[in-house]
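According to full-length UniProt numbering, the sequence shown is numbered sequentially starting from 1. Each residue gets a CB set at the ideal place from its N, CA and C atoms; glycine is no exception. Small disclaimer: the values here were computed from a predicted structure and weren't measured.
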Amino acid sequence: MAKSRLTALDADILASVLRNEVREKKTPEAEWPSLASQIIRDYTGSQAVDTKLLDWILEKVSRR
Numbered sequence: 001m002a003k004s005r006l007t008a009l010d011a012d013i014l015a016s017v018l019r020n021e022v023r024e025k026k027t028p029e030a031e032w033p034s035l036a037s038q039i040i041r042d043y044t045g046s047q048a049v050d051t052k053l054l055d056w057i058l059e060k061v062s063r064r
């Protein structure tokens, strides 16, 4: 079942997962959007990715 609503905690969890994946796998920054999209899809169970959420996660990860 798809998770229909995400909380701020969910968004922080997704950003943390992306940050850890990027660090551990030394993922080039150009690949971050597709990796983040896949993480969001896996977490929500939906193929649709909210672009505002994606942008927020990418911005949060790139600031660190």
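Under the three-state DSSP convention, the category residue i falls into
{"i": "Pro28", "result": "coil"}
{"i": "Ala8", "result": "helix"}
{"i": "Val49", "result": "coil"}
{"i": "Arg19", "result": "helix"}
{"i": "Arg63", "result": "coil"}
Distance CB(residue i)-CB(residue j) smaller than 9 angstroms
{"i": "Val61", "j": "Leu18", "result": "yes"}
{"i": "Lys3", "j": "Thr51", "result": "no"}
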